[in-house]
Structure formats: structure tokens, C-alpha cells
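Heads up, the thing below is written out as C-alpha cells.
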Amino acid sequence: MKSVKDIYLELSGIAIAVLLALACGFAVILATSSEPLTALSSLIIDPVTNPFNIGTVINKAVPLMLTGLALAVVFQAGVFSMGAEGQLYMGGFAGAIAGIYFDALPFWLHFVVIIGCAMAAGALYAAIAGLLKTYANANEIVTTLMLNFVAILTTSYFVNNVFKDPTSGGAARMAYLSPEVLLSKLIPGFSAHGGIVIALAAVVIVYLLLYKSPVGYELRLVGKNGKFATYGGISKNRVLLTSIMISGALAGLAGIVEILGIHGTFKENFSAGLGFDGIIIALLARNHPIGIVVASFFYAYIQVGAQTMQAGSDMPREVAVIIQVMLVLLVSAQGIFNFMKHNMRKKGGVV
Amino acid sequence: MSVLLEMKNIHKVYPNGTAASRGVDLQIYEGEIHALVGENGAGKSTLMKMLFGLEMPTSGTILYKGEPIALSGPRDAIKYGLGMVHQHFMLVPSLTVSENIVLGEEPKQGPLSLFRDRGTEEKQIAQLMATYGLKVEPQAKVETIPVGQKQRVEILKVLYRGARIIILDEPTAVLTPQETDELFDSIKALVAEGYTIIFITHKLREVMEISDRVTVLKAGKTITTLMTKATNPEEISRLMVGREVLFRVNKRPAEPKDAVLSVKDLQAADDKGAPALRGVSLEIRAGEVLGIAGVEGNGQTELVETITGLRRSTGGQIRYLGEELAGRSAGRIRAMKVGHVPEDRQTAGASLTSTIAENLILDHYRNPAFRRGPFLNARKIKEFARTMMQIFDVRAAHEQVAAGSLSGGNLQKVVIARELSKNPKLLIVSQPTRGVDIGAIEFIHSEIIKRRDGGAAVMVVSAELSEVMALSDRIAVMYEGEIVAVLDNTEALTEEEIGRYMLGLGTKTEHPERKEQEAI
Amino acid sequence: MWQSIWSQLVDMTLVVVLLRYMTPILLAALGGLISDIGGVLNIGLEGLMLISAFTSIAVGSASGHWLVGVAAGMTAAVLTCLGMGFFSIKLGVDIIIAGFAVNIFGSGITIFLMSKIFHVTGNYTPDQRTPIPTVNLPFLQDIPVLGKLLSGHSLMIWIALLAVLFCVALIYRTPYGVHLRAVGEAPSAAKSLGIPVNRIRYSALAWSGAFAGLAGAYLSMGMTSMFVKDMTAGTGFLALAVVLLGKRNPVGILIGSLIFGLASAITTIVQTTEGTAIPSQFVQMIPYLVTIGSLVVFEARKRKGAAVPATHTI
Chain R
1051 MKSVKDIYLE
1061 LSGIAIAVLL
1071 ALACGFAVIL
1081 ATSSEPLTAL
1091 SSLIIDPVTN
1101 PFNIGTVINK
1111 AVPLMLTGLA
1121 LAVVFQAGVF
1131 SMGAEGQLYM
1141 GGFAGAIAGI
1151 YFDALPFWLH
1161 FVVIIGCAMA
1171 AGALYAAIAG
1181 LLKTYANANE
1191 IVTTLMLNFV
1201 AILTTSYFVN
1211 NVFKDPTSGG
1221 AARMAYLSPE
1231 VLLSKLIPGF
1241 SAHGGIVIAL
1251 AAVVIVYLLL
1261 YKSPVGYELR
1271 LVGKNGKFAT
1281 YGGISKNRVL
1291 LTSIMISGAL
1301 AGLAGIVEIL
1311 GIHGTFKENF
1321 SAGLGFDGII
1331 IALLARNHPI
1341 GIVVASFFYA
1351 YIQVGAQTMQ
1361 AGSDMPREVA
1371 VIIQVMLVLL
1381 VSAQGIFNFM
1391 KHNMRKKGGV
1401 V
Chain A
253 MSVLLEMKNI
263 HKVYPNGTAA
273 SRGVDLQIYE
283 GEIHALVGEN
293 GAGKSTLMKM
303 LFGLEMPTSG
313 TILYKGEPIA
323 LSGPRDAIKY
333 GLGMVHQHFM
343 LVPSLTVSEN
353 IVLGEEPKQG
363 PLSLFRDRGT
373 EEKQIAQLMA
383 TYGLKVEPQA
393 KVETIPVGQK
403 QRVEILKVLY
413 RGARIIILDE
423 PTAVLTPQET
433 DELFDSIKAL
443 VAEGYTIIFI
453 THKLREVMEI
463 SDRVTVLKAG
473 KTITTLMTKA
483 TNPEEISRLM
493 VGREVLFRVN
503 KRPAEPKDAV
513 LSVKDLQAAD
523 DKGAPALRGV
533 SLEIRAGEVL
543 GIAGVEGNGQ
553 TELVETITGL
563 RRSTGGQIRY
573 LGEELAGRSA
583 GRIRAMKVGH
593 VPEDRQTAGA
603 SLTSTIAENL
613 ILDHYRNPAF
623 RRGPFLNARK
633 IKEFARTMMQ
643 IFDVRAAHEQ
653 VAAGSLSGGN
663 LQKVVIAREL
673 SKNPKLLIVS
683 QPTRGVDIGA
693 IEFIHSEIIK
703 RRDGGAAVMV
713 VSAELSEVMA
723 LSDRIAVMYE
733 GEIVAVLDNT
743 EALTEEEIGR
753 YMLGLGTKTE
763 HPERKEQEAI
Chain L
186 MWQSIWSQLV
196 DMTLVVVLLR
206 YMTPILLAAL
216 GGLISDIGGV
226 LNIGLEGLML
236 ISAFTSIAVG
246 SASGHWLVGV
256 AAGMTAAVLT
266 CLGMGFFSIK
276 LGVDIIIAGF
286 AVNIFGSGIT
296 IFLMSKIFHV
306 TGNYTPDQRT
316 PIPTVNLPFL
326 QDIPVLGKLL
336 SGHSLMIWIA
346 LLAVLFCVAL
356 IYRTPYGVHL
366 RAVGEAPSAA
376 KSLGIPVNRI
386 RYSALAWSGA
396 FAGLAGAYLS
406 MGMTSMFVKD
416 MTAGTGFLAL
426 AVVLLGKRNP
436 VGILIGSLIF
446 GLASAITTIV
456 QTTEGTAIPS
466 QFVQMIPYLV
476 TIGSLVVFEA
486 RKRKGAAVPA
496 THTI
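Chains as they are written, first to last, in our numbering: chain R, 1051 to 1401; chain A, 253 to 772; chain L, 186 to 499.
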């Protein structure tokens, strides 16, 4: 943990980075749009002015929070897994199958089984990359990236063939799950679904796990100084496997929550990069669970804003990508943060 | 002789506030061998970095033949004929010896001089080798050649660039005695050719053997410059340390009991797979300190790592209180009340970005007493950390401060507090006071002795011979992966005698009968 | 089915398809190689290829000449790389994160520009086609097997093969190449000899941009005559895998690219063969599984190699 002053510096640095990134996005809009004011207002104001859009922001934040947590856990352990996307597909797939085939169970048990299967599938799929790393020393960045493709293609095959809903026509999806296991709307008439409760609960659990439990102590120690952990008798391989499996379980949870809350069943290519967005969320949040909540809402807000902007003006929603890229770069620019710290020290005269 | 290079009233303050130089004066005559001595942290290396343009002085002037010069980078230094052989070799492992020598100044050929001229490269290197008698294999990759040859490559690099003043930063630290002799021969040959040598070291024997003049640095200041012929090691040592004895430890004679650790014929390899321990046998009893002396790199690191489970042994036994340690994991060994203060506290001994408390609970976080349900007991941890910080006089605002913000001495106290907090029966301490301030040194030494008196078996490994002599009851000398002598640390034992064994000039191992006599 | 695959193998169709798939992987991987040797591993190859693919076809059709298009594509990729260098070298962004950002950026900016400039979503086919020319070798093209093997390929295939030789010369025969290796492996040693470490790193990134630029231009103006959003479909990641497997050596990169090209070629042939029993998804998986498999084999061999001196030095 850092001193209050350091946290303050870090936060103000991130705030500046966010403002700069937004400024870049605005600059692009001003430069390329023929109706820049309409575009800007639909980007910034529309997402928060009507209940439907607010609900959409919340719903978009849910999977981001979960994948963000998934990546924060591995990043804190010093493992550079990029595999949340594939784990998310595997989790969603396994959860959906459980949803279809264990239909006879009482609905609460059914729900628990679905969630459990999704998390287990995500964790087991993540374990492949973990084992490849521990036993064959195969670079986890590459293996996880490749396993993403493998997961997407595998589930694509099954959802196009074996588990395809015969009534779906051209769409590659499974049969819809029974409505009672789906995440219902929190408030009737308001589009936000119950996934936000699950996501926030996951945030609390991951926070406790990382900062208050022995497992989290080992995990963070390995990430901060592997040599010290080895010296202290902590098995790096065990920590690596633990962290990547926890991460996979969270990614799997993200997948099934997205299915239960939005899609109703497993559909081909349903994620479209949620696992990669999670990397950005984790970076923005400096891998801290509470930061992840804030970052997810902000990111979802920008995404919804980009959609309302596309609908309401001549700007395509890819403008959001420019903001995202600048966010990633500026927030991880250690140079800027060191510069700020240095200046603060000089001013304060404290060494 | 004329003054070639002069540094006047040099100060250097790093951005983080550390003052490495606080008024250094240095005059180098043309054609001399000038030794620069001082303790660790006296500011020798910083001074040389400034002379080589790697660091800029905060204030003060550097004069070359009477003219003030500014050195803003290695290129400037090279321009004035300065060359530096760094303590940690600045070589590119996967390039060949030849490529390393000419790096940055390659002979070129072809259109627009785009290509390397390997023919000329080969010829020039052959010529350099022949002129100065520095033998290397030009086509071998640097990662495959032995240390002594690497150093010759460094010297050739400097000569190739036309340097006339050669700075050697602790060149003998990694050399065997034979290699050291060869190096000295080369240095003498260079001086005969009119080169000027600046020789940084803390080994007084070498100062006496090779230098013409010697400048003593202490705490970032120049103390004095002496003619080597007109002085003696005792005087230099006194000037370096500022007091007669570097380490004075008040301790009663040891009262050793049963053996705690007994190592028999231990073998292990170094990181590159070469044998580092060639059958080490030793014994440490409860209530005694065994010091390990030796030139760095003679297997001390590997010995400690093998005993503590961080390195796999390839043969032999490690018996600890009747149990075999070989093959056990580091975690299991730590749990058996073996304390280990590693030589490199910055990387292995502490996690600098973790808090002091997190560093302290390394052996306790699994302990049910530090738990509350499935979670860590924050209050208990805080209490424990505060107590430890108080007992071990760790000076920090609170226990949540990042360990990396502590000074060397305070960080070492955290490491020692952690290792002692489990009441070790065997305590292994490597380089207990390297880079630690004087006040902390005395504290750390007295803690080590307290443990000995409390019945722990203690092993101390230190590059500072005077430290080993101050702390130990018996001293084992390591040379090339073997224990060449085990000596009782009596008043009669001199540094010179230990030095002889350290250089591999003799052996003296313990006889079982004699050991029994000692025990009485 | 097997019969059909076999006949395509015999009549050299497989080799032709292989060369087509190998080219973008090889070019991008050579770029990745130079950045890796310089110590600034560029994982943004995927994004760079997209940027170049879009720029080159847009500029190519607007100017009416393929060469202008290729040059524009390379320029765009090099500029992106210099920006990446600014963030990583000057501002201290981890090079992996910077590369990751370039991948997102490449995908987003091309869709954005496609929409803003050409008012299309998904894909863009220019009215004026300016493909990279194919090289027909006189006389040789009339010889049955040899003709098909050597003649009628896109110029870019030959450029890619020549680029291997170029990289060998650059890395091993020039002082620059030695500096590059020194900076990548021991930056402080390079710095102590006055080698401008940061400038070399920028240049290494620029090389990776130039080669990824060639690869991208080939995708939109050689392999196809259109730009499709995210048309790289993982080629950049395959190239990255080749970089990690290629032992830091251009010839190793060539071999790796051939293997992955072969996997992709088999994928296409099996997919387009009538009556295929193997589902397309599993065939498409081949390159990714090959990557993982070869990474494991490579690491195992590396460890075995390292263990040999350990047992023989006594």
C-alpha cells in the first residue's frame, strides 16, 4: 500500500490521462464531423439522459468489470495472459449447455449449476496455458492469444452443428434457456439486468482475495518480485496456475452473465472483444478492484456514447477506439507519472 | 611528470537526494598508475562514472591538460583519450569477441561505407593483441569465454578506441590470483608504453603491489593522496575507515554445543552449469559463528543457496538437526527454522514495492495465529510489524511504507528482523552489512552475536575479511569451490594468513581430534 | 476428398497457395524480428498491417498506381511505429502495451476512415483496381510444373523472399546490424560506447513498420483487391509467433513462415475441396495449434540444448 500522497498523485495522473484522451477524441470529432456539436452532445450527454441508455451503460459495464477483474488477477501475479476472450467463450458455452441439459433442476440450483459450469470451464481452459507455461515454458502471451482463436472456432463448430437450435434458421445459436434462469431486470421498465449485482459481488470477493487472503499475498508477491517469492519458498508455478485459473473462472463468469443477461443463449461470436476490453480496464484501474468498477463504468459510458453518436450524427462509433487507444497509452505512460512525482517532490521540498 | 587530468571540488547529488560526492579532488599524472581506494559507498564508482561522462557532476570542474572540459557522454570521454573497464563487464554476450572490441567504431567498406570490413577488423585486433600481449579468441562468442578473457576484451576495447588513460574499476574482484597476475603484467606493459592507469580497488595488497600513488576517498570526499612507496597498508586502512579497526564487536568467547549443521562433500553447479562446489564439508555447532572467507565468486553464493534449498545439489549431504536438507524445497527448509539473510537484499531479500509489513510476514502469513477465518488478520499483522520495527530499530513512518523507500541499513534491519522473528536454529547471513551505514552495522553485528549466545548456529559470509574476523569464532576459507582451511579465530590469526589461503596458496583442514579438543 | 487434395499437391497448386499465404506472414515476421533484435518487440504487427492495407489500397486507387499505394501504406505504418516509439521510449509505456494499443488502433482507425472517406462499412472495393503486378517469367511459364512453381507470382512474393536476404545482410554484414544486436541485448554496454541507444530503437521500430507495411499492402492489393475490416484475421499474431520461434535469425523466420504458410494453405485447400469431412473450424485451427505445438517443441529443445554443456564441462 502507498501513502495517501502517492495515491493522490496516481489518481490525479490518471484523471489527467483520461482528460487528454477525451480531448484527442473531441479533436477528431471537431476535425472530421460536419456537425461536431451534435456529435459531441450525443457522445457525452445522450448516454446519461434517458433511463434506457443508463441501463445500457450499466449492462455494458458488467462484463467489462468481470473481464477486468480476470485480467487484474493475472497481471498482479506477473502473468501476461491475454486469454480472457477464449476463456469467456468456453465459460459461456459450458454454462449454456448446462442451461439446456439440466433444465429439470429447481431453478435456483439450475442457476448455480450454470454459473458453476461456466466458471469451471473458464478456469480449466485457462489452465491449459498455465500448464504450457509451467511445464514447457511456452510464452503465455502467445499461447493465450492462440487459444483464443481455438476457443472461438471450437465453440463456433459446436454451435453450428451439434448444439445448434433446429428452430434457429440461419443464426448460429443454441436453444434459448428457460426464462427463469435468465437474469431479470432489476427494476421493471429499466433495462439494467441483475448481472451488475453479480459483478459487484465479484469485485468484493476479488478484493478480499487479493488484499486480505494468504493466496492473494502469495500472488502479489510473485508478481512484484519473483526472486523474493522463490527465496521465501513460494512456488511460482503453483501461483501462476492459481492466478490464471481464477482469472479464467472470472472470464467464464463474464461470458455466462453476458448470456444470461443479454443474449439468452450461446450465440456464435457473441463477445466481440470483451476479453480484450478487459485488458484496457485492468490497465486503467492499475489492477485494483475498486478502480475496475470506476473504469468499467467510464468505458461503458464511452461505448454507449459512441453508439448514440453514430445513431445521432455523421460520426462512426470507432471514434471511441481513438479515445480507448489514447487512454491505454497515456495511463501506462510511466514517464508522465514519474515526471509528476519528481515535480511534486521539488515543489514540496520533501525527499 | 605533468598533470594530465584533474578533478577539482567535485560534488554529485542524485535526484533522489543522495549525495555521492561531496568535494572530491583528484590529480592524475601522465604515465602513472594511480590507485583510488575507499570503502564500499565511499563514492569511487560515481567519481569514475563522472570522469567517463556517464554521470554529470552537480558542481566542480574537470581539467584535461589544464583546460576545463565538459564530459556529457562516453563519446566525449573517448575523445579525450579516456577509456573505462567497468566492474560489471559492458559486453554483449551473443556477439563475438571481435565484434565487441570494435563495437561502435567498426571498420567499414563498400558503397557509402555501409558494410563491415571484417578483414581490417581482424588485422587490427591481431595487431593489438600482439602489441600488448593480451590474448583472446577473436571469433569466440563472449558468452562462452572465461572471466579473465572477458576482462582482456574490455581492455582491448579501450585500447582499440585509442584511449591513453585507462580506468579500471575493481578489476580483480572477479579474477583468480593467476588472472590477477596476468592483468598486472598487462598493466605494467601499458604503462611502459606511456599509458596512464587509474586503478580502483579496496584491496590494499594490490595498491601496494602495483600503484605509484594512491588517493583515499571516504564518504564522498578526498582524504589525501600519498606516494605508495612512502606509505603502508596500515596507514591507508586507517585513512579509509577513519579508525583503527573497521569492525569491533564485543563478544564473549563462544560456548559451542552439538552440531546443528553438518555438510559433507557437497557439490553443486553454478548458473552456467560449471561446477561451483567441489566437495565442501563443514560443521556448525549451536552457539558458534562460522565465518566463510574468500574472494568473491569462489563458491560462497552457491554454498549458501544450496544449503537453503535455492539451488539443487549434485552430490553430498546436508544434515540439519538429524534431517537431510538436500532435495527439500526452500519453503520447507525455511519452515524448519533456518534463517537466511541473502547477499542481495534488493532483489532476493525483500520486495521493494511491497510494504514493510508484507515483507515481515513472509514466514507467518500461513500461520493460523495471523489468520481470521480465511483471511489475514490485519490487526495482528500490524501489531507484529510494529513490534518488529521497534525491536530492530527500523526507522520508517509506519509499517505500510514501501520497503523500497528505506535506506540500505533500515532495509537490512527489516530483512534481519524477519529472519530472526522465527527464532532460527541455524542462521545464515550473507554480506550482513554491505552498503549499510556505520550505526546500523554495529546494531546488526550485535544482533548476530546475541543469537549465537542464545544457542543458534550462525554462518556469516562476507567479502569484508575484517568483518568475518570480527564476528566469527571459526573461519572457513573458500577457494575455487572448496574449503581450503578452517581456522580458529584467535588473537594470533592475522589477515595475512587468511589471505594466503584465500589466494589458494595453502590448505589446512580440520582434524577430528583437534575439533574434540576445541569442544572441551 | 483425399484424392483431390493429392492431385493439388502434385500439380503444384499447394505450393502456389502456400507462397501466397506465406508472404504476409514472412514480411510481417521480418519486421517483428528486427524490432525484437533491437529489444523493442513489436506485437502491433496486426494493427500495422491493417493500417497499411487500408492506406495502400485507398492511395493506390486514388493515384492510379500501385507503387504509390504501397509507399503510402509503408509510410503510414512507419509513422505509426514512430508514434509507438515515442510512447514507449520517451514516455515509458511498456512496449507490449504500446503494441497492444496499435492493434486496437489499426482495427478502429481503418473502420473509421472507411466510413468517413468511402461511406461504407465492412469492406471497400475501389472502382479503379491497381493490383501489385505479377511476374511472368518468359519461357519458364510454358514448362508444365516448373512454370507453375516459379512464374505468375505476385511481385510481392519475390520481394518477401529477397527481404530475407536483405535482413541477413542488414543484421550480420553492417555495423548498424551489430549495433542493433548490442542495443537489444546489452543496452548499457552499447550506451557506454556512445551508441545512440534510443535512436537505434526508433529505427528498429521503423523497420518493423516498413515490413509490416509491405505485408499489409500485399493483403489488400496482392492477395485480394479490396479492404475488409479486420482482414488480417490473426496473420499478425501468426507472424509474432514466427518471430518467437525463429531463433532471432532471418532464415529461421523463413522456415517458420513456410510452416505457417503450409498450414494456412492446407486449410484453404481442404476447405475448398468438395465433400470435405473435416469441419472448416477445425481446419482453420491448424495454424494456431501449430503455433502452440512448435512453441512447446522449441522451448523443450532450447532447454535440452542448454543442459548439454552443463553435463559436459567437467
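Backbone N, C-alpha and C define an ideal beta-carbon position, used for all residues, glycine too.
The structure displayed is predicted, hence computed values, not measured ones.
Between Gly394/L and Val263/L, is the Cβ-Cβ spacing less than 7 Å?
Yes, the pair counts as a contact, with Cβ atoms nearer than the cut-off.
Residues of chain A with CB under 7 Å from Gly379/L, in chain order?
What Gly379/L touches in chain A: Gly325, Pro326, Arg327, Ile330, Gly356.
Which runs of the beta strand (DSSP E) fall wholly inside the stretch 651-724 of chain A and span at least 3 residues, in chain order?
The qualifying runs are 678-682, 709-713.
Starting from Ile449/A, follow its DSSP beta bridges and name the residues at the other end.
DSSP output for Ile449/A lists Ile285/A, Ile418/A as bridge partner(s).
Could you check the C-alpha separation between Tyr332/A and Ile419/A for me, to the nearest Å?
Each residue's alpha carbon lies about 13 Å from the other.
Do Phe1143/R and Thr1193/R count as a contact pair if the criterion is CB distance below 7 Å?
The answer is no: Cβ separation not under 7 Å.
Quick check for students: name the residue ranges of the alpha helix (DSSP H) that lie wholly in the stretch 416-489 of chain L, counting only runs of 4 or more.
Taking only runs of at least 4 residues, the alpha helix (DSSP H) segments lying wholly in the stretch 416-489 of chain L are 420-430, 435-457.
Output needed in chain order: residues of the stretch 335-348 of chain A with a Cβ under 9 Å from some Cβ in chain L.
So the close ones are Met336, His338, His340, Phe341, Met342, Leu343, Val344, Pro345, Ser346, Leu347.
Going by C-alpha distance, which of Glu1230/R, Gln1357/R, Val1209/R, Ser1228/R is nearest Gly1220/R?
The candidate whose alpha carbon is nearest that of Gly1220/R is Val1209/R.
Report the three-state DSSP secondary structure of Pro372/L (helix, strand or coil).
Reduced to three states, the DSSP call for Pro372/L is helix.
Using the beta-carbon of each residue, which ones in chain B are nearer than 7 Å to Ala348/L?
The question asks about chain B, but that chain is absent: this structure's protein chains are R, A and L.
In this structure, how does DSSP classify Leu1291/R when only helix, strand and coil are distinguished?
Correct three-state label for Leu1291/R: helix.
With burial defined as no fewer than 16 other Cβ atoms inside 10 Å of the residue's Cβ, what is the status of Thr319/L: buried or exposed?
When all chains shown are included, Thr319/L counts as exposed.
Can you have a look at Ser192/L and say buried or exposed, based on whether 16 or more other CB atoms are within 10 angstroms of its CB?
That one is exposed.
Would you please verify whether the beta carbon of Gly1399/R is less than 7 Å from any beta carbon of chain A?
Confidence in Gly1399/R is poor, its pLDDT being 41 and thus under 50, which makes the residue's placement too unreliable to answer from.
Please tell me whether Glu351/A has its Cβ less than 7 Å away from any Cβ of chain L.
For Glu351/A, the answer is yes, since a Cβ of chain L falls inside 7 Å of its Cβ.
When you compare only the Cα positions, how much space is there between Ala1168/R and Thr420/L?
Looking at the two C-alpha atoms, the distance is approximately 30 Å.
Quick one: what's got a C-beta closer than 6 Å to Ala1249/R's C-beta in the same chain, skipping five residues either side?
Closer than 6 Å at Cβ, skipping near neighbours: Val1112, Met1115, Leu1116.
Kindly indicate if chain L contains any beta-carbon less than 7 Å away from that of Phe1199/R.
Output row for Phe1199/R: interface = yes.
Taking only the alpha-carbon atoms, compute the straight-line gap between Gly691/A and Glu358/A and give it to the nearest angstrom.
Going by the C-alpha atoms only, they are around 51 Å apart.
Sort Thr553/A, Ala737/A, Thr599/A by Cα distance to Asn611/A and report the nearest one.
That would be Thr599/A, whose Cα lies nearest to the Cα of Asn611/A.
Quick check on the burial criterion: 16 or more other C-beta atoms within 10 angstroms. Buried or exposed for Arg1288/R?
Exposed.
Check whether the stretch 1154-1166 of chain R touches the stretch 1332-1342 of chain R, counting contact only when three or more Cβ pairs, one atom from each stretch, lie closer than 8 Å.
No, the stretch 1154-1166 of chain R is not in contact with the stretch 1332-1342 of chain R.
Less than 7 Å between CB atoms is the rule here; does Gly1128/R satisfy it with respect to chain A?
Output row for Gly1128/R: interface = no.
Measure the Cβ-Cβ separation of Met1224/R and Thr1088/R and say whether it is below 7 Å.
No.
Can you pull the chain R neighbours of Gly277/L, defined as C-beta to C-beta under 9 Å?
Residues of chain R passing the Cβ test: Ser1382, Ala1383, Gln1384, Gly1385, Ile1386, Phe1387, Asn1388.
Taking any Cβ of chain R, which residues in the stretch 290-318 of chain L have a Cβ under 9 Å from it, in chain order?
The stretch 290-318 of chain L vs chain R, Cβ under 9 Å: Phe290, Ser292, Gly293, Ile294, Thr295, Ile296, Phe297, Leu298, Met299, Ser300, Lys301, Thr306.
I'd like to know if Leu1271/R contacts chain A, where contact means its C-beta is closer than 7 Å to some C-beta of that chain.
Answer yes: the Cβ-Cβ gap between Leu1271/R and chain A drops below 7 Å somewhere.
So, under 8 Å CB-CB, His286/A and Thr467/A are touching, yes? Tell me the CB distance rounded to an integer number of Å.
His286/A to Thr467/A, Cβ: 7 Å. Contact.
Whose CA, out of Gly583/A, Leu334/A, Phe622/A, lies closest to the CA of Ser377/L?
Ranking Gly583/A, Leu334/A, Phe622/A by Cα distance to Ser377/L puts Leu334/A first.
With burial defined as no fewer than 16 other Cβ atoms inside 10 Å of the residue's Cβ, what is the status of Gly1325/R: buried or exposed?
Gly1325/R comes out buried.
What are the residues of the stretch 460-491 of chain A that lie near chain R, defined by any Cβ-Cβ distance shorter than 8 Å?
Residues: none.
If you measure from the beta carbon of Val455/L to each beta carbon in chain R, is any gap under 7 Å?
Taking Cβ atoms only, chain R never reaches closer than 7 Å to Val455/L, which makes this a no.
Report the three-state DSSP secondary structure of Glu743/A (helix, strand or coil).
In this structure, Glu743/A counts as coil in the three-state DSSP scheme.
Using CA coordinates, which residue listed in Leu267/L, Gly245/L, Val428/L is at the minimum distance from Gly258/L?
Comparing Cα-Cα distances from Gly258/L to each of Leu267/L, Gly245/L, Val428/L, the minimum goes to Gly245/L.
Out of Lys1055/R, Ile1306/R, Tyr1226/R, Met1390/R, state which residue places its alpha-carbon closest to the alpha-carbon of Gly1166/R.
Residue Ile1306/R is the option with its Cα nearest to Gly1166/R.
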